[in-house]
Amino acid sequence: MKLGGMSNWLMVMLWLVLSGRIQIQETEAIECDITQMKPCWEGFKTGTVLCCFRIGAYISCFCDFAKDPRDGYHFQDPNAKVAVAACLRVKRTT
372 MKLGGMSNWL
382 MVMLWLVLSG
392 RIQIQETEAI
402 ECDITQMKPC
412 WEGFKTGTVL
422 CCFRIGAYIS
432 CFCDFAKDPR
442 DGYHFQDPNA
452 KVAVAACLRV
462 KRTT
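Residue 409 in the working numbering sits at position 38 of the sequence shown, and the numbers go up by one each step.
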């Protein structure tokens, strides 16, 4: 049975990973710290680069952030939804 080019490549990569010659980097879990989003609270209105960076880094925390009794209102603001959508759209196109 003849293996195609892609199959050969996959077999080589699998061998490199299993043999320990290539290590797969594990991503660190992000601690959902709402204070890290403070630069965005004004940025939701202006759409700053720092805000977009923080949105991308902490997007998995937004449900928890919205439930925060003290600062969650920032994430329920319609401007926040617009900013998040704009930042994610930019991230996908780059």
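Where a beta carbon is used, it is the ideal one built from N, C-alpha and C, also for glycine.
- Item | Contacts around residue 403, its chain only, beta-carbon distance under 6 Å, and the 5 residues preceding and following it disregarded | So the qualifying residues of the chain are 432 and 435.
- Query: From what residue to what residue does the alpha helix (DSSP H) around residue 435 run?
  - Reply: 433-437
- Query: Alpha carbon to alpha carbon, what distance is there between residue 437 and residue 444?
  - Reply: 7 Å
- Message: Less than 8 Å between the beta carbons of residue 422 and residue 410, yes or no?
- Response: yes
- Query: Under the three-state reduction of DSSP, which class applies to residue 425: helix, strand or coil?
  - Reply: helix
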